[in-house]
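Everything on this sheet refers to the single structure shown next.
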Amino acid sequence: MRIGIGNDIHRLVAGRALVLGGIELASPVGLLGHSDADVVIHALIDAMLGAAGLGDIGEHFPDTDPTYQGIRSTELLTKTVELIRTAGFTVNNIDIIIMAQEPKLASHKRAMRQRLAEMTGLDLTQVNIKAKTAEGLGPVGERQAIAAWAAVTLA
Ligand code: MG
Numbered sequence: 016m017r018i019g020i021g022n023d024i025h026r027l028v029a030g031r032a033l034v035l036g037g038i039e040l041a042s043p044v045g046l047l048g049h050s051d052a053d054v055v056i057h058a059l060i061d062a063m064l065g066a067a068g069l070g071d072i073g074e075h076f077p078d079t080d081p082t083y084q085g086i087r088s089t090e091l092l093t094k095t096v097e098l099i100r101t102a103g104f105t106v107n108n109i110d111i112i113i114m115a116q117e118p119k120l121a122s123h124k125r126a127m128r129q130r131l132a133e134m135t136g137l138d139l140t141q142v143n144i145k146a147k148t149a150e151g152l153g154p155v156g157e158r159q160a161i162a163a164w165a166a167v168t169l170a
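If you count the sequence shown from 1, you need to add 15 to reach our numbering.
The structure is reproduced here in structure tokens:
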């Protein structure tokens, strides 16, 4: 059994779609980034790579590479699942914390879990998502950013 952790934060700006956990949410602001800036999937990818001893997301999908300009993070997750399997691992479970002051995520957690479960070949019970606000504190609390943490075990 191997364990990995991942973390990411992206800035919220007007004029961008808000994509979290592979799901596009209705929001007047979205996350800024080279890809679709899905912080949840970026944290998850880093946790998976970490557990497998395969480095980090920037090594595999550099933001200086035009190949990844505007790419959907779900595509990066699919590539990461392939890397993990090639290295001889299977994903055992995923636990994620999303920190966002807005929008409220409670009603979207199940859809995100389903999306991530289907992409990683897991059962819904093996993918957990916890959503928290930052109690108005710091860049997340002041609605300037959304952050995510992920923990993954691989077998
Ligand atoms: Mg990122």
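Note that the Cβ used here is the ideal one computed from N, Cα and C, for glycine as well.
Asked: Extent of the continuous beta strand (DSSP E) run through G19; Found: R17 to A29
Asked: Q13, buried or exposed, once every other Cβ within 10 Å from all chains shown has been counted against 16; Found: One cannot answer for residue 13 here, as it falls past the ends of the chain, which runs 16 to 170.
Asked: Residue nearest to H123 in terms of C-alpha spacing, selected from L46, E39 and I18; Found: E39
Asked: Within the stretch 44-124, ranges of the alpha helix (DSSP H) (whole runs, at least 4 residues); Found: 54-67, 72-75 and 88-101
Asked: Span separating the alpha-carbon of L27 from that of A162; Found: 10 Å
Asked: Simplified DSSP assignment, three categories, for T140; Found: helix
Asked: Bridge partner(s) assigned by DSSP for V167; Found: G19 and I109
Asked: Span separating the alpha-carbon of R31 from that of A66; Found: 32 Å
Asked: Cα-Cα separation, L91 to I72; Found: 9 Å
Asked: Around the ligand MG, Cβ to any heavy atom closer than 5 Å, ordered along the chain; Found: D23 and H57
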